[in-house]
Amino acid sequence: MHALTLRAHPLAGIGSRRLDPATVSPPDRVASIRTEPLPTTRAHPPVVAIVGAHGGAGTSTLARWWAPAADCGQSWPGSVQTTQRVVVAARLCLPGLVACADRLREWHVGTAPGGVEVVGVVLSAARPGRVPAPVRRYRAVVEDLAEQVWDIGWHDELIERELAELAEFSPFDPVPQRRARLTQAVPLDVHHVGSELIDALARATKKLIEQQDSER
1 MHALTLRAHP LAGIGSRRLD PATVSPPDRV ASIRTEPLPT TRAHPPVVAI VGAHGGAGTS
61 TLARWWAPAA DCGQSWPGSV QTTQRVVVAA RLCLPGLVAC ADRLREWHVG TAPGGVEVVG
121 VVLSAARPGR VPAPVRRYRA VVEDLAEQVW DIGWHDELIE RELAELAEFS PFDPVPQRRA
181 RLTQAVPLDV HHVGSELIDA LARATKKLIE QQDSER
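Quick note on the UniProt record's numbering: the sequence shown kicks off at 1 and runs consecutively.
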């Protein structure tokens, strides 16, 4: 399936403050912390870390698809030497959404490493076809905890491709053809989410610079 399933849900704009910790229930378990700097595997250091809410969340595929991203596994990026801006990745299924909500609550209550900024959430389809009603209902919990929620659809061709075979998205890449092979271009929804993510990061950086200038 190659249908475009892009959706963004703004909470209070990129760069907004966390929710009041007193209004958020902390999760029973917290994620590990990566103390080493994120690797630079392309021409430039990564600008965002993909953190999996659970195993099989697709972090390696997303980080491969988006050239400005790095795979952080299921750990928070704890090193200040590389980016601590995070996209939380999860599967669009009930266990995936529950795990995703746990990571978001962990960030809101302040138990994630200092400096971590959750930019948004990427939900990858767990299967082709319609999303069951219970999953759609619990998705609302994640949307209440996240500044942005993006969707990536189901792509059959991933089953037969090695990670290194996948094409990459870079900022300002042209929109790919709808039926391009994954070795030639990223899927349309991956391109659109990548573009939205880069725009969100740019807005956050601009806002931070403006705040720093106003404080001088």
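A virtual CB, placed ideally from N, CA and C, is assigned to each residue, including glycine.
Taking residue i as part of the alpha helix (DSSP H), name the residues at either end of that continuous run.
i, result
"Ser25", "It is not in any alpha helix (DSSP H) - Ser25 carries neither H nor E in the DSSP assignment."
Drop a sphere of 10 angstroms on the beta-carbon of residue i, count the other beta-carbons inside from all chains shown, and report buried for 16 or more, exposed for fewer.
i, result
"Phe169", "buried"
"Glu165", "exposed"
"His108", "buried"
"Pro44", "Correcting the residue identity first, residue 44 is His in this sequence and not Pro. Under this definition His44 is an exposed residue."
"Gln84", "buried"
"Leu182", "buried"
"Leu163", "exposed"
Helix, strand or coil, according to DSSP, for residue i in the structure here?
i, result
"Arg216", "coil"
"Val141", "helix"
"Asp156", "helix"
"Glu168", "coil"
"Ser60", "helix"
"Gly52", "strand"
"Leu188", "helix"
"Leu92", "strand"
"Asp71", "strand"
"Val87", "strand"
"Asp102", "helix"
"Val193", "helix"
"Ser16", "Residue placement at Ser16 is poorly supported in this model, since its pLDDT is 49, which falls under 50; the coordinates are not used for a value here."
"Val131", "coil"
"Val149", "strand"
Kindly examine the ligand COA and report whether one of its heavy atoms sits closer than 8 Å to the Cβ of residue i.
i, result
"Glu168", "Absence of the ligand COA from the depicted structure is noted, as is the absence of any ligand whatsoever, leaving it without description."
Taking the beta strand (DSSP E) that residue i falls in, what are its first and last residues?
i, result
"Val122", "Glu117 to Ala125"
"Pro77", "Ser75 to Pro77"
"Arg34", "Ser32 to Arg34"
For the region 38-45 against the region 119-138, are there 3 or more C-beta pairs whose distance is under 8 Å? no
Would you check if the region 60-71 and the region 97-117 touch, i.e. whether three or more CB-CB distances between them fall below 8 Å? no
So, do the region 143-161 and the region 175-195 have three or more beta carbon pairs nearer to each other than 8 Å? Touching, yes.
The region 82-96 contacting the region 110-119, beta-carbon criterion three pairs below 8 Å: Yes, the region 82-96 touches the region 110-119.
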